[in-house]
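One structure is given below, encoded as structure tokens.
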Amino acid sequence: MPRARQQSEARIRDRRRRLAHEAARLMSEGGISDFRQAKLKAASRLGIQDDASLPRNSEVEEALREYQRLFHGSGQDEALRQRREAALEALQFFAPFQPRLVGPVLEGTADAHSPVSLQLYPEHPEEVPLFLDEHGIPATERSRRMRLDRSRSGDFPVWTFTADDLEFDLTVLPQLALRQAPLSNVDEKPMRRASAAQLETLIDETSSP
Numbered sequence: 006m007p008r009a010r011q012q013s014e015a016r017i018r019d020r021r022r023r024l025a026h027e028a029a030r031l032m033s034e035g036g037i038s039d040f041r042q043a044k045l046k047a048a049s050r051l052g053i054q055d056d057a058s059l060p061r062n063s064e065v066e067e068a069l070r071e072y073q074r075l076f077h078g079s080g081q082d083e084a085l086r087q088r089r090e091a092a093l094e095a096l097q098f099f100a101p102f103q104p105r106l107v108g109p110v111l112e113g114t115a116d117a118h119s120p121v122s123l124q125l126y127p128e129h130p131e132e133v134p135l136f137l138d139e140h141g142i143p144a145t146e147r148s149r150r151m152r153l154d155r156s157r158s159g160d161f162p163v164w165t166f167t168a169d170d171l172e173f174d175l176t177v178l179p180q181l182a183l184r185q186a187p188l189s190n191v192d193e194k195p196m197r198r199a200s201a202a203q204l205e206t207l208i209d210e211t212s213s214p
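Laid out in structure tokens, this is it:
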């Protein structure tokens with residue numbers, strides 16, 4: 006019985022690994038940003054219907070880093086550098102709302118499909134669309150479900166727009182959320198965030214020979 010269990014566990018680990026790498030490929034090459042969508046599409050392509058074999062988001066993220074190192078190299082580095090520099094300008098532009106950079110551009114997994122994702126913390130949510138309108142920036146509104154902590158979640162406004170051929174994604178959160186980052190959909194821990202000063206330091210560090 007222990008041997009049969011070991012074999013079963015080994016098969017599940019192998020399927021998880023295969024699914025993680027296929028999901029990573031779909032995210033990198035197909036522009037899919039949602040982890041669950043990428044995993045389900047990968048499972049469909051590989052003909053795997055066992056839910057226990059679905060990898061964790063963190064496994065997919067690690068596979069994504071490996072995929073980009075192997076197949077994109079300098080091209081991915083250039084896409085990341087371009088987006089981090091654009092993010093720094095955006096953080097400075099949206100300074101009245103205490104913005105923070107989050108997501109692939111900060112984590113280092115951004116590619117040519119990745120938007121620059123910011124979180125804004127205005128006193129009143131309606132200040133953000135007014136600010137965009139005042140500066141002549143046409144933006145589209147939608148909403149995003151986020152978990153502020155283990156017990157609180159909600160749907161928050163998101164404004165998206167394109168500038169210099171890059172997509173920007175602004176999630177508008179209550180000011181109280183600035184004290185503690187919302188939970189990541191990758192590992193359910195507080196999201197990594199960066200202010201303009203922190204991003205500038207990161208750019209300097211990663212640009213050093």
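The opening position of the sequence shown corresponds to residue 6 in the numbering used here, with each subsequent residue numbered one higher.
Beta carbons: idealized from backbone N, C-alpha and C, even for Gly.
Status (buried if at least 16 other CB within 10 Å, exposed otherwise) for residue i
i	result
K194	exposed
L181	exposed
Q97	exposed
H129	exposed
M6	Legend: pLDDT at M6 = 48, less than 50; position of this residue unreliable, no value from coordinates given.
P257	No statement about residue 257 is possible, as the shown extent of the chain runs from 6 to 214 and does not include it.
A95	buried
E146	exposed
A100	exposed
E66	buried
One or two residues paired with residue i in a DSSP bridge
i	result
L188	P195
T206	In DSSP, T206 forms no bridge with anything.
F136	Its beta-bridge partners do not exist; DSSP assigns none.
L171	A168
P162	S148
V177	L125
Contact belief for residue i with residue j at Cβ below 8 Å, rounded distance in angstroms
i	j	result
R21	L51	About 11 Å; that fails the 8 Å criterion.
L93	A201	6 Å
V177	V110	No, V177 and V110 are not in contact; Cβ-Cβ is about 18 Å, not under 8 Å.
E64	A115	About 19 Å separates the two Cβ atoms, so there is no contact after all.
S33	L85	About 13 Å; that fails the 8 Å criterion.
D160	R150	5 Å
Near the ligand SAH: residue i beta-carbon under 6 Å from a heavy atom
i	result
E128	In terms of ligand content, the structure shown is empty, and the ligand SAH therefore cannot be addressed.
Counting pairs of Cβ atoms below 8 Å between the segment 33–42 and the segment 13–21, do you hit three or more? With contact defined as three or more Cβ pairs closer than 8 Å, the segment 33–42 and the segment 13–21 are not in contact.
Just to confirm the assignment: which complete beta strand (DSSP E) runs, minimum length 3, are found wholly within the segment 91–125? With a minimum length of 3 residues, the continuous beta strand (DSSP E) runs that stay inside the segment 91–125 are 105–107, 121–125.
Determine contact between the segment 151–166 and the segment 127–142, defined as no fewer than three beta-carbon pairs at a distance below 8 Å. Yes, since at least three Cβ pairs between the segment 151–166 and the segment 127–142 fall closer than 8 Å, the two stretches touch.
Check whether the segment 81–93 touches the segment 55–62, taking contact to mean three or more Cβ pairs, one atom from each stretch, closer than 8 Å. Contact between the segment 81–93 and the segment 55–62 is absent, because fewer than three Cβ pairs lie under 8 Å.
Three or more C-beta pairs under 8 Å: does that hold for the segment 104–111 against the segment 120–132? Touching, yes.
With a threshold of 8 Å, are at least 3 pairs of Cβ atoms found where one atom belongs to the segment 190–206 and the other to the segment 166–176? The segment 190–206 vs the segment 166–176: no contact.
Any chance the segment 23–36 sits against the segment 64–76, with 3 or more Cβ pairs inside 8 Å? As far as the Cβ criterion goes, the segment 23–36 touches the segment 64–76, which means the pair count is three or higher.
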